[in-house]
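Below is one structure; the comments refer to it alone.
Residue numbers (my numbering), protein chains in the order written: chain A, 1 to 251; chain B, 1001 to 1276.
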């Protein structure tokens, strides 16, 4: 098994006096797709947002350590900008910026001050190929990104994240608003991406977790119920709650 | 009275009220156009006033007006847009934002004659700028500041939060998000506010008469005095110098304001359309 790139040790999170996460301990290894499932309000997205330091609420208190690529993302002296260049994120609803496809792709590089045309073009192509979108848009990179279909927009968002060649890609229910074919395309892209990157996939679609992840965790009301190999968790879950959730008895 | 009848009467009153408001506008414009238009010639626009405005044109007052507006915008836009950015992007809604907002509301409520007197005492006398484009520009900037803050704030708030989130997760700083995503997308709305405030500033007399002065010479330096079109109209009409020239000046003024308002509505319309 590859070395861990994300290590949560006893991570607790309180926002405005409310417990969001309680003593989460888990490891996410390099080049795997790690799934986080569970009913909404369970702390999945909050955990994801701690990883790239974008959790925002008033009066946030954290405990424990969350090592991301060797650095504690919960410590005070973390540099969020340099962290986010290595740990990119894609949201549930595709957010394309009101510019051309190309400018969307290179936005992350431009704000780093990269100007070289060939560097930008290579990054754009790399991102599009990673998100399996290259063939569809290669001849209209200068067209407005808003003209793309919903599924294409979401793949563009993945491509935009991948253009920065991050080590880790965080996905927050990336297919929740998409049709089955677009979902299939994105899942195919993810399987390809894990060869070089680590992916954390939050989803409340258990079937998707079963289809694409190598290992996964089940979050319920801020608690980590169970974590392990996806195949064994879906066949012989250790906890009754996991079994109930996977079987669709609640959530 | 039956409800149906009451309905008819209320509707009738409201419709006549709306038409009355429109009729007043048309009446004012018609009077000014009828009395002013025949006197507007290219010479009237391009000659300087002579004999206190009895003869000649209004060229120097046009220059003064434009000069004054440019100076006040140079001051008010960075200040107003900066305040709006601070209020929307850099603070959490709380005491400070409430105080700043309340302050700008109060500023908007200060009568312009008071602002004029304030500008006269502070800039013209205390700071020794004299009656000048500078004194007038700063005073007018104070007057239009609330409009610019308010409209810029609305425009900035209309930029989707998700754009800022994307900027953040891609490793952008807040300022990069503001300059690369928020301001470009808010620009049409901000521009609308700027044009509206130009419309207010162009017709302002009370502030201007106290701070820019009434000199009929064409101002060159920002320390020169001048006379804006609105002030020129006020003086030659009130002192009965030349009613013909007063109406002609008024016609030019009304044309400018009308043009600016129509243009800003057009921009606002396009802005709203682009958002949906």
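In this text, a Cβ means the ideal position worked out from N, Cα and C, and glycines have one as well.
Being a predicted model, the structure only gives us computed values, none of them experimental.
Could you tell me the alpha carbon to alpha carbon distance between residue i and residue j, rounded to whole angstroms?
i, j, result
"residue 229 (chain A)", "residue 37 (chain A)", "13 angstroms"
"residue 199 (chain A)", "residue 155 (chain A)", "15 angstroms"
"residue 1031 (chain B)", "residue 1187 (chain B)", "37 angstroms"
"residue 1276 (chain B)", "residue 151 (chain A)", "With a pLDDT of only 44 at residue 1276 (chain B), under the threshold of 50, the placement of this residue in the model should not be trusted, and no figure is reported."
"residue 1011 (chain B)", "residue 1019 (chain B)", "12 angstroms"
"residue 8 (chain A)", "residue 44 (chain A)", "13 angstroms"
"residue 1005 (chain B)", "residue 1270 (chain B)", "41 angstroms"
"residue 1015 (chain B)", "residue 1264 (chain B)", "26 angstroms"
"residue 14 (chain A)", "residue 1065 (chain B)", "58 angstroms"
"residue 77 (chain A)", "residue 157 (chain A)", "29 angstroms"
"residue 1120 (chain B)", "residue 1224 (chain B)", "15 angstroms"
"residue 86 (chain A)", "residue 111 (chain A)", "14 angstroms"
"residue 1142 (chain B)", "residue 91 (chain A)", "43 angstroms"
"residue 1111 (chain B)", "residue 1094 (chain B)", "28 angstroms"
"residue 1155 (chain B)", "residue 4 (chain A)", "45 angstroms"
"residue 241 (chain A)", "residue 225 (chain A)", "8 angstroms"
"residue 1260 (chain B)", "residue 1200 (chain B)", "10 angstroms"
"residue 173 (chain A)", "residue 35 (chain A)", "10 angstroms"
"residue 98 (chain A)", "residue 106 (chain A)", "13 angstroms"
"residue 1151 (chain B)", "residue 1107 (chain B)", "15 angstroms"
"residue 73 (chain A)", "residue 52 (chain A)", "7 angstroms"
"residue 1044 (chain B)", "residue 1166 (chain B)", "56 angstroms"
"residue 141 (chain A)", "residue 109 (chain A)", "16 angstroms"
"residue 1022 (chain B)", "residue 143 (chain A)", "45 angstroms"
So what does DSSP say about residue i, is it helix, strand or coil?
i, result
"residue 1021 (chain B)", "helix"
"residue 6 (chain A)", "strand"
"residue 1276 (chain B)", "In this predicted model, residue 1276 (chain B) has a pLDDT of only 44, less than 50, meaning its place in the structure is not dependable; the value taken from the coordinates is given anyway. Coil at residue 1276 (chain B), not helix or strand."
"residue 91 (chain A)", "coil"
"residue 198 (chain A)", "strand"
"residue 150 (chain A)", "helix"
"residue 104 (chain A)", "helix"
"residue 993 (chain B)", "Lying before the first or after the last residue shown, residue 993 (chain B) is absent from chain B, which here runs from 1001 to 1276."
"residue 214 (chain A)", "coil"
"residue 1050 (chain B)", "strand"
"residue 236 (chain A)", "coil"
"residue 34 (chain A)", "strand"
"residue 1010 (chain B)", "helix"
"residue 227 (chain A)", "strand"
"residue 250 (chain A)", "coil"
"residue 1216 (chain B)", "coil"
"residue 1263 (chain B)", "helix"
"residue 166 (chain A)", "coil"
"residue 126 (chain A)", "helix"
"residue 96 (chain A)", "coil"
"residue 141 (chain A)", "coil"
"residue 72 (chain A)", "strand"
How close, in whole Å, do the beta carbons of residue i and residue j come, if the pair is a contact with beta carbons under 8 angstroms?
i, j, result
"residue 6 (chain A)", "residue 24 (chain A)", "Between residue 24 (chain A) and residue 6 (chain A) the Cβ distance is about 11 angstroms, and since that is not below 8 angstroms, they are no contact."
"residue 194 (chain A)", "residue 33 (chain A)", "5 angstroms"
"residue 161 (chain A)", "residue 88 (chain A)", "4 angstroms"
"residue 177 (chain A)", "residue 93 (chain A)", "6 angstroms"
"residue 1149 (chain B)", "residue 1055 (chain B)", "Actually they are not in contact, since the Cβ atoms of residue 1149 (chain B) and residue 1055 (chain B) sit about 43 angstroms apart, beyond 8 angstroms."
"residue 217 (chain A)", "residue 26 (chain A)", "6 angstroms"
"residue 165 (chain A)", "residue 126 (chain A)", "7 angstroms"
"residue 1024 (chain B)", "residue 1254 (chain B)", "Rounded, the Cβ-Cβ distance is 14 angstroms, inconsistent with contact."
"residue 1247 (chain B)", "residue 1035 (chain B)", "4 angstroms"
"residue 205 (chain A)", "residue 40 (chain A)", "In fact, because the Cβ distance is near 12 angstroms, the residues do not count as touching under 8 angstroms."
"residue 1181 (chain B)", "residue 1164 (chain B)", "7 angstroms"
Should residue i and residue j be called a contact, given that it needs their Cβ atoms to be closer than 9 angstroms?
i, j, result
"residue 1302 (chain B)", "residue 1228 (chain B)", "Beyond the ends of chain B as shown, which are 1001 and 1276, falls residue 1302 (chain B); an answer cannot be given."
"residue 1160 (chain B)", "residue 1104 (chain B)", "no"
"residue 1169 (chain B)", "residue 54 (chain A)", "yes"
"residue 1139 (chain B)", "residue 1207 (chain B)", "yes"
"residue 132 (chain A)", "residue 192 (chain A)", "yes"
"residue 1213 (chain B)", "residue 1061 (chain B)", "no"
"residue 1222 (chain B)", "residue 1124 (chain B)", "no"
"residue 219 (chain A)", "residue 42 (chain A)", "yes"
May I ask you to list the residues that DSSP assigns as paired with residue i?
i, result
"residue 12 (chain A)", "A:63"
"residue 27 (chain A)", "A:7"
"residue 81 (chain A)", "Note: residue 81 (chain A) sits in no beta bridge, so no partner."
"residue 172 (chain A)", "A:202"
"residue 19 (chain A)", "A:14"
"residue 1037 (chain B)", "Paired residue(s): none; residue 1037 (chain B) is not in a bridge."
Quick one: does the C-beta of residue i sit closer than 8 angstroms to a heavy atom of the ligand GTP?
i, result
"residue 1004 (chain B)", "By its list of ligands, the structure shown contains no ligand whatsoever, and the ligand GTP lies outside what it can speak to."
Please list, in chain order, the chain C residues whose beta carbon lies closer than 9 angstroms to that of residue i.
i, result
"residue 95 (chain A)", "Among the chains of the structure shown, chain C does not appear; the protein chains present are A and B."
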